[in-house]
Amino acid sequence: MPEPLLIEVDADRETLLEEPVTLQTLRSLEIYIEPTTTPTGARWQIEMSRERATLPVLDVVAKGTASAAGFWRSQELALGKYRLSVNDPAGSSWLEQEIELETTGPPHQIEIPLIPIKGRVTLGKEPIRAIVSFGTTQGRPEIRLETNDDGELEGYLPREGEWPVELIMGEHDAAAQAIEPVFVEKPRGSEPADVDIELPNTELTGIVVENGAPVAGAGVVVIRYDAAKKRREAMLQTDEEGKFKLRGLSEGMLDLQARSAEKTSAWMRAHLQENLENQPLVLELATKIKVAGQVFSPSGPVAGANLVALPGGTPTGFALSVEAVTAADGTFTLETTADTRWLDVIIVPAGLPIRLDRLTVDKERKTPIILLLGAQGGDLLVAEMPNAPDPKVTLEPLKIIHGATEVDVRWLLKVLGHRRSRLDEQGIALLGLEAGEYSLCRASRGDCTTGFLAAAGQLALVTPSNLGNLESFRQLMETRR
1 MPEPLLIEVD ADRETLLEEP VTLQTLRSLE IYIEPTTTPT GARWQIEMSR ERATLPVLDV
61 VAKGTASAAG FWRSQELALG KYRLSVNDPA GSSWLEQEIE LETTGPPHQI EIPLIPIKGR
121 VTLGKEPIRA IVSFGTTQGR PEIRLETNDD GELEGYLPRE GEWPVELIMG EHDAAAQAIE
181 PVFVEKPRGS EPADVDIELP NTELTGIVVE NGAPVAGAGV VVIRYDAAKK RREAMLQTDE
241 EGKFKLRGLS EGMLDLQARS AEKTSAWMRA HLQENLENQP LVLELATKIK VAGQVFSPSG
301 PVAGANLVAL PGGTPTGFAL SVEAVTAADG TFTLETTADT RWLDVIIVPA GLPIRLDRLT
361 VDKERKTPII LLLGAQGGDL LVAEMPNAPD PKVTLEPLKI IHGATEVDVR WLLKVLGHRR
421 SRLDEQGIAL LGLEAGEYSL CRASRGDCTT GFLAAAGQLA LVTPSNLGNL ESFRQLMETR
481 R
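In our numbering, the protein residues as written are 1 to 481.
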């Protein structure tokens with residue numbers, strides 16, 4: 001699939017292409033995989049994906065099954081970078097890497113290490129049956145192994161080191177939960193690595209209702225943060241009586257929400273303690289609030305702009321982002337929970353400045369919110385002082401403040417992707433933000449630095465203290481590439 005040619009077309013105007021349209025050379029990708037088959041003797045399944053020119057979304061452009069000798073050839077493709085995935089027929093993903101398709105060159109040699117493992121999964125002191133997903137169901141690679149009635153598991157992993165882990169427990173894969181990472185170290189000789197997973201004896205119970213009546217089959221999502229501030233999620237469904245139960249979560253604070261069709265509950269906060277029964281929680285479903293609007297530029301309605309919004313003002317202070325894409329006439333609809341008071345929105349249009357805005361949630365509003373984008377933006381550089389991190393200062397996330405809008409810098413980087421942000425020697429450059437005043441602050445609004453970003457200009461915001469955020473931003477951007 002050749003790289004799309006982006007053309008801006010204005011109404012009632014003739015569009016002139018300054019450069020000629022050039023046809024690209026096509027070539028097949030050839031790979032050899034070692035070992036030639038999966039650990040169970042099955043043939044490898046291959047997928048090749050490519051990121052869209054306008055969105056950070058991967059589209060599958062080629063897939064197939066390798067031969068018994070581990071060889072696979074794609075159809076003819078445009079030259080450039082692709083994402084190669086090697087999977088097995090059972091659904092495990094063993095390898096994912098970036099690969100360059102060039103005009104000439106020998107077949108690519110792909111080697112997948114096989115680290116034998118064995119272990120046991122227990123809840124409290126009792127063995128449990130579960131599907132253990134090394135790498136999580138949203139990550140790559142992802143290897144799924146199933147325990148027996150004694151909680152025992154064995155199999156292979158494609159690398160040693162730290163692995164994120166998800167457990168899928170209950171009938172019909174009813175409950176999936178992320179647990180603490182496990183460390184796998186390859187032992188000397190041919191002995192398998194020991195991987196024992198011990199879950200705490202905790203139990204979270206509750207019921208989902210709507211107008212007082214229990215709701216069967218409702219989804220429940222549970223979110224908590226571990227000691228390293230990493231998010232862990234669990235997902236399950238209510239039974240025929242609208243009840244839910246989840247065991248083995250780590251002790252501490254968590255947030256949970258129920259979801260069913262067009263309705264959600266407000267986020268509820270709970271505290272778990274091992275060997276202590278919690279009072280059953282009641283999650284009340286309510287219709288989502290719809291925030292409608294329309295995005296314009298000086299040339300007219302803006303189609304295809306991405307809107308990512310974080311709900312604010314909720315009783316617990318916790319929320320997950322919601323998204324929308326503008327239609328051909330620039331219209332959009334963002335849906336959020338009934339207890340939301342405002343939405344902090346990032347608007348990312350193609351070829352126009354990025355806008356940060358706070359939208360007040362008004363349930364009685366009948367007319368769409370109009371958002372006007374400028375014609376030209378500037379680049380904002382986010383950096384910390386080059387001195388060593390101050391051990392006396394508590395690590396806090398950094399926020400960018402623009403008007404009433406407050407946006408976490410790490411979240412903003414994830415939304416913008418590498419096409420609208422760049423890793424710089426001095427810091428992180430955010431490309432093409434709308435003109436105006438910006439502040440860079442710690443989450444507590446301490447250590448703020450403020451400046452004005454002019455259209456077609458540049459603004460550097462440097463925090464007075466070094467909290468070590470910049471290094472985490474660099475790691476995020478390197479991982480994202």
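Don't be surprised by glycine CBs; every beta carbon is placed ideally from N, CA and C.
Quick caveat, the model's predicted, so the values are computed rather than measured.
Asked, Found
"In terms of residue numbering, what span does the alpha helix (DSSP H) encompassing Arg410 cover?", "409-416"
"For the stretch 117-133 and the stretch 67-75, state whether three or more C-beta atom pairs, one from each stretch, are separated by less than 8 Å.", "no"
"What does DSSP give as the partner residue(s) for Ile367 in the beta ladder?", "In the sequence as presented, Ile is not what sits at residue 367; that position holds Thr. Partner(s): none; Thr367 has no beta bridge."
"Could you pull the DSSP bridge partners for Gly206 from this structure?", "Phe244, Leu281"
"Where DSSP assigns a beta bridge to Cys441, which residues make up the other side?", "Lys399"
"Keeping to the same chain, check which residues put their C-beta closer than 7 Å to that of Glu100; ignore five residues upstream and five downstream.", "Lys81"
"In whole angstroms, what separates the C-alpha of Ala483 from that of Glu18?", "No information on residue 483 is available, as it lies outside the stretch 1 to 481 that the chain covers here."
"State the Cα-Cα distance for the pair Val47 and Ala90, rounded to the nearest angstrom.", "Sequence inspection shows Glu at residue 47; the Val mentioned does not correspond to that position. Their Cα atoms are separated by approximately 15 Å."
"Return the residue from the list Ala375, Thr336, Arg365 that minimises the CA-CA distance to Pro353.", "Ala375"
"I need the DSSP call for Ala78, collapsed to helix, strand or coil.", "strand"
"For Arg27 and Ala78, what's the separation of their Cα atoms in angstroms?", "7 Å"
"According to DSSP, which residues form a beta bridge with Glu274?", "DSSP, once it has assigned bridges, lists no residue as partnering Glu274."
"For the pair the stretch 254-268 and the stretch 212-228, tell me if three or more CB-CB distances fall below 8 Å.", "yes"
"Is Glu18 helix, strand or coil by DSSP?", "coil"
"If you scan the stretch 210-264 from start to end, which runs of the alpha helix (DSSP H) of 4 or more residues do you find wholly inside it?", "none"
"Can you find the residues in the same chain that come closer than 6 Å, C-beta to C-beta, to Pro301, ignoring five residues on each side of it along the sequence?", "Asp329, Gly330"
"Check whether the stretch 376-385 touches the stretch 331-347, taking contact to mean three or more Cβ pairs, one atom from each stretch, closer than 8 Å.", "no"
"List the residues that DSSP assigns as beta-bridge partners of Gly119.", "Leu153, Val195"
"Output needed for Met235: all residues of its chain with C-beta closer than 8 Å, excluding positions within five of it in sequence on either side, in chain order.", "Ala175, Ala176, Gln177, Gly219, Val220, Val221, Val222"
"My output table needs one value for Ser49: the three-state DSSP class, helix, strand or coil.", "strand"
"For the candidate residues Pro315, Val462, Ser67, Trp411, whose alpha-carbon lies nearest to that of Glu30?", "Ser67"
"Does the stretch 397-404 come close enough to the stretch 413-422 that 3 or more CB-CB pairs lie under 8 Å?", "no"
"Would Glu160 and Ile115 qualify as a contact pair, given that the criterion is a beta-carbon distance under 8 Å?", "yes"
"Below 8 Å on the Cβ atoms is my guess for Ile197 versus Ile179; work out the distance and round it to an integer in Å.", "7 Å"
"Measure from the alpha carbon of Ile128 to the alpha carbon of each residue in Glu142, Asp150, Ile117, then state which is nearest.", "Asp150"
"Taking DSSP as the reference, what is the three-state secondary structure of Gly432?", "strand"
"Just to confirm the assignment, what range does the beta strand (DSSP E) spanning Phe332 have?", "331-336"
"Look at the alpha carbon of Lys363 and the alpha carbon of Ile289, and state the distance between them as a whole number of angstroms.", "7 Å"
"Buried or exposed: which applies to Glu166, given that a residue is buried once 16 or more other Cβ atoms fall within 10 Å of its Cβ?", "buried"
"DSSP three-state call for Lys63: helix, strand or coil?", "strand"
"Report buried or exposed for Leu502, applying the criterion of at least 16 other Cβ atoms within 10 angstroms of its Cβ.", "In the structure displayed, the chain extends from 1 to 481; residue 502 sits before or after that span and is not available."
"Measuring straight from C-alpha to C-alpha, what distance separates Ser190 and Phe183?", "18 Å"
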